[in-house]
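Numbering of the sequence shown is given in the working numbering, commencing with residue 35 and proceeding in unit increments.
Ideal Cβ placement from N, Cα and C applies to all residues, glycine included.
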Amino acid sequence: MKLHIIARGKIGNSPEAQLVDRYIQRIKWPNNITQLPDSGGKIPAVSGNMKLIILDEKGTLYSSVDFAKILGRWRDDGVSEARFMIGAADGFDNEERERADMLLSFGKMTWPHMMARAMLAEQLFRATSILSNHPYHREG
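This is the structure we're talking about:
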């Protein structure tokens with residue numbers, strides 16, 4: 035299953051970009067990042083059996099293990115792509131939220147899109163590590 039992050043806003047050559055790259059390069063699953071301008075831009079076409087996940091403060095909080103289990107189930111069910119959307123400053127409207135298969139939250143606080151991207155990249159690496167029994171994730 036491909037992990038695809040689509041994020042509004044350019045991250046440039048920042049410390050956050052370095053964190054994103056650090057984790058994305060460590061993920062053994064196929065993955066991609068698409069950057070879009072703050073508004074407009076062409077969202078890649080939907081193809082195959084895909085899941086749409088929107089990062090949203092109104093979303094569900096998952097533990098890393100539970101998040102990994104969801105990704106593992108999707109992978110095992112033949113989902114071709116898990117597409118993670120990170121919005122611009124105004125987030126997503128109700129119509130966009132309703133189209134999503136999952137609303138995912140990193141908490142009630144609002145995070146800058148660059149930090150959210152780094153946090154998502156890390157959690158995707160952690161989830162794939164959990165699923166492969168890699169020692170990166172330690173439960174305490």
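Residue from the options whose Cα sits closest to the Cα of residue i
{"i": "L86", "options": "G141, T162, P78, M119", "result": "M119"}
{"i": "L105", "options": "A123, M84, D72", "result": "M84"}
{"i": "N128", "options": "R160, R151, P146, D90", "result": "D90"}
{"i": "G125", "options": "D135, S114, A150", "result": "A150"}
{"i": "N65", "options": "M143, I40, I45, V80", "result": "I40"}
Distance between beta carbons of residue j and residue i, contact taken as under 8 Å
{"i": "M153", "j": "F140", "result": "6 Å"}
{"i": "G72", "j": "R42", "result": "In the sequence on display, residue 72 carries Asp and not Gly. 6 Å between Cβ atoms; contact."}
{"i": "K92", "j": "L137", "result": "6 Å"}
Residue i to residue j span [Cα, whole Å]
{"i": "D100", "j": "K76", "result": "32 Å"}
{"i": "G174", "j": "A116", "result": "With a pLDDT of only 49 at G174, under 50, the local geometry of the prediction cannot be trusted, and the value read off the model is given with reservation. Using only the alpha carbons, I get a separation of about 28 Å."}
{"i": "S48", "j": "V54", "result": "10 Å"}
{"i": "P169", "j": "L37", "result": "21 Å"}
CB contact flag (residue i, residue j, <8 Å)
{"i": "R131", "j": "I67", "result": "no"}
{"i": "K44", "j": "T162", "result": "no"}
For a minimum of 4 consecutive residues, which ranges assigned as the alpha helix (DSSP H) are wholly contained in the segment 89–125?
98–110
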